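In UniProt numbering, the protein residues as written are 1 to 426.
Here is the structure we will look at, set down as structure tokens.
Now the structure itself:
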């Protein structure tokens, strides 16, 4: 939205449009949004105020069919909620007089800011039936009075606004995603009476779409003639939505069948008697991409009305001799469930799921309108921290020097001027 009389341009420049939350929502940590409000003024302007508004909204909607056999009785549930709406002032002129207002010359002006976000915020969600979204709105109000009584009252001030979408992504704690420990493993033991003992190890507790998930299976038979026939993997997504004020709930499941990588196939045909009574196998499953159909969404449980959980289901087909017969065999399908955390698509492609590594920044040209000698006044407001530019740059100002021409505050000496660097022959 922009004022129809405005010739100026306003924009929000974010350092990182994707902001990462770490750990569970009840952990007392925080993250920071960094950026700047940029003004491109065609003419000089008297600024009344510069402010930021941080908005977080959720929307849950779905259609539910009516009773069986009744036509046209479907009901639609819809809920829109704004769970955060905070205003962060960057500059606010006093009402005492115009002399305290900020007069900016034509050109580019930049106002950096930092906003501290609590870890309790729900991460961004983008599903057909539920969404959680965040955005920043920058508002600049300028004064057009200039001590003139000719301009009508409703034209004496105008507002320019700019918006920027922000995506919040939740990651596990730092200990879960380092190179030394690329995700805590999940180990489970299952006992099937008069059949087998199963030990299953899922090597990662957090996985991103499109990556590989190794699973180790150890089988100890409890009777003779056990044979492992087939092994299948499936990722099940369970979505639970609710609208308490309408007493409405919705649950759905989506299944993603996993492909095995490498020489291993679904068919195993392992005779445990001929293998010495114990059998083990390491299987590598390929996780589906987030764009695959059905669409895979990341795990989330921070929003009280939106929950998405994932379960890795390992199906093992076992055959054994049928009691009372000599040559007949019967098959049993054993399904083992283990909950797993599916990360956001934004972290896909990191080596070893190492989301702790710093991002790669590209070299960018410095804005010539920003001076190195600008003063930033930092202040606290309502738990949020912002930086206010209080001295516009003046390119005509020259650095202060002594009478002999040397700088008044000379730079520090070079390293080689203090320490002698030994010469190494090549």
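No residue lacks a Cβ here, since even glycine has one placed at the ideal position from N, Cα and C.
Here the structure is a predicted model, which is why all the values come from computation and not from measurement.
Assignment of residue 259 by DSSP, reduced to helix, strand and coil, places it in the strand class.
Judged by DSSP in its simplified three-state form, residue 322 adopts coil rather than helix or strand.
The Cβ atoms of residue 314 and residue 233 sit closer than 8 Å to each other. Inter-segment contact for the segment 193–208 and the segment 251–263 is absent: fewer than three beta-carbon pairs are separated by less than 8 Å. Contact holds between the segment 30–38 and the segment 105–118, because three or more Cβ pairs, one in each stretch, are under 8 Å apart. Nearest C-alpha to residue 187 among 164, 211, 217: 217. Nearest to residue 342 by C-alpha distance, out of 330, 318, 296, is 296. For residue 53, same chain residues with a beta-carbon under 6 Å away, outside a window of 5 residues either side, are 87, 137 in chain order.
Per DSSP, residue 301 lies in no beta strand (DSSP E) and is assigned neither H nor E. Comparing C-alpha distances from residue 282 to each of 201, 206, 223 shows the shortest one belongs to 201. Counting C-beta atoms within 10 angstroms of its own C-beta, residue 121 has 16 or more neighbours from the protein chains shown and is therefore classed as buried. Taking 8 Å as the upper bound for CB-CB distance, residue 119 and residue 30 are in contact here, some 6 Å apart. Excluding five sequence positions before and after residue 20, the CB atoms of its chain that fall closer than 7 Å to its own CB belong to 31, 169, 171, given in chain order. One alpha carbon belongs to residue 161, the other to residue 90, and they sit about 14 Å apart. With three or more CB-CB distances shorter than 8 Å, the segment 217–229 counts as touching the segment 270–281. Under the three-state reduction of DSSP, residue 15 is assigned to coil, being neither helix nor strand.
Inter-residue distance for residue 140 and residue 14 is about 17 Å (C-alpha atoms, whole angstroms).
CA-to-CA, the gap between residue 103 and residue 49 works out to about 11 Å. Linking residue 212 to residue 192 through their CA atoms gives a straight-line distance of about 29 Å. Between the C-alpha atoms of residue 299 and residue 210 there is a straight-line separation of about 15 Å.
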